[in-house]
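Residue numbers (my numbering): 559 to 812.
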């Protein structure tokens with residue numbers, strides 16, 4: 559329960575912000591005018607922006623997540639972790655949930671695209687941003703507990719953030735989406751990833767839990783079964799000294 563309370567802001571604040579932005583889009587509120595001005599200042603279609611936005615394609619982001627999930631399934635099973643299949647399964651279900659949420663929102667809001675896009679509706683929220691955020695974010699979230707070095711964890715989080723921000727920048731820069739389309743997807747995916755972090759085994763290292771399993775199952779190692787050569791030598795010396803002292807004090811030794 560304490561974990562849910564601590565992470566409640568990650569669920570509540572982005573959800574409220576998403577609701578406010580969606581209300582502005584549906585009601586054609588004043589925030590859209592600011593959004594349009596910001597878009598005009600940022601849109602400069604080029605090849606680099608297009609390549610960045612392509613990182614949010616389903617054909618790119620989902621296979622990356624799938625490879626990570628297969629790797630984690632193998633590692634979790636090999637480590638003998640409890641419920642090793644649950645975090646990858648939860649991440650896969652979350653990825654499948656993205657279009658089930660985004661597509662109805664697109665149909666309901668029916669927001670037109672930017673002036674550089676062909677006439678049409680269904681641009682809010684950004685599906686590419688949501689795909690990238692959930693795919694790369696879930697992969698990073700599940701990999702974090704398996705990394706021992708704090709530097710490696712920081713690098714993983716930074717790499718994930720760079721990917722998502724790169725996709726977001728490319729979408730806005732090329733004019734594929736309005737800035738608010740992207741911000742709304744950030745809010746949505748923050749809620750989804752925060753919910754994923756509540757799944758048992760995601761936020762806590764399965765590897766660390768499983769590392770203590772053999773010792774807890776078999777009990778502490780005895781000197782005679784230790785695999786350490788130095789410990790075996792000390793054990794032999796200890797037994798020799800005990801047997802010598804016993805024989806010198808026995809009734810038949812004098």
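For every residue, glycine included, the Cβ atom is placed at its ideal position computed from N, Cα and C.
Can you say whether residue i is buried or exposed, counting buried as having 16 or more other CB atoms within 10 angstroms of its CB?
i: residue 632; result: exposed
i: residue 770; result: Note that residue 770 scores 41 on pLDDT, short of 50, meaning its location in the model is unreliable and no value can be drawn from it.
i: residue 604; result: exposed
i: residue 566; result: exposed
i: residue 652; result: buried
i: residue 574; result: exposed
i: residue 661; result: exposed
i: residue 592; result: exposed
i: residue 640; result: exposed
i: residue 645; result: buried
i: residue 628; result: exposed
i: residue 722; result: buried
Would you report the Cα separation of residue i and residue j, rounded to the nearest angstrom?
i: residue 596; j: residue 588; result: 13 Å
i: residue 692; j: residue 602; result: 27 Å
i: residue 745; j: residue 659; result: 13 Å
i: residue 714; j: residue 664; result: 31 Å
i: residue 694; j: residue 701; result: 11 Å
i: residue 643; j: residue 577; result: 34 Å
i: residue 626; j: residue 760; result: 14 Å
i: residue 647; j: residue 753; result: 14 Å
i: residue 670; j: residue 681; result: 6 Å
i: residue 571; j: residue 610; result: 28 Å
i: residue 672; j: residue 751; result: 29 Å
i: residue 737; j: residue 585; result: 17 Å
i: residue 706; j: residue 679; result: 46 Å
i: residue 756; j: residue 636; result: 24 Å
i: residue 703; j: residue 676; result: 44 Å
i: residue 615; j: residue 569; result: 26 Å
i: residue 638; j: residue 727; result: 41 Å
i: residue 735; j: residue 729; result: 6 Å
i: residue 655; j: residue 709; result: 32 Å
i: residue 712; j: residue 749; result: 21 Å
i: residue 582; j: residue 598; result: 19 Å
i: residue 617; j: residue 685; result: 13 Å
i: residue 720; j: residue 634; result: 27 Å
Smallest Cα separation from residue i: which of the options?
i: residue 689; options: 745, 657, 734 and 733; result: 657
i: residue 622; options: 708, 570, 667 and 718; result: 718
i: residue 698; options: 582, 583, 581 and 630; result: 630
i: residue 683; options: 592, 593, 747 and 742; result: 742
i: residue 594; options: 739, 628 and 758; result: 739
If residue i sits next to residue j, beta carbons under 8 Å apart, how far is it from one beta carbon to the other, in whole angstroms?
i: residue 731; j: residue 590; result: Contact flag wrong, Cβ pair sits at about 19 Å.
i: residue 733; j: residue 674; result: 4 Å
i: residue 613; j: residue 619; result: 7 Å
i: residue 580; j: residue 667; result: 7 Å
i: residue 624; j: residue 696; result: The pair is not a contact, with the Cβ atoms about 11 Å apart (cut-off 8 Å).
In the DSSP assignment, find the unbroken alpha helix (DSSP H) run with residue i in it and report its ends.
i: residue 644; result: 644-667
i: residue 744; result: 737-755
i: residue 687; result: 685-701
i: residue 611; result: 605-612
i: residue 708; result: 708-732
i: residue 632; result: 616-637
i: residue 591; result: 589-600
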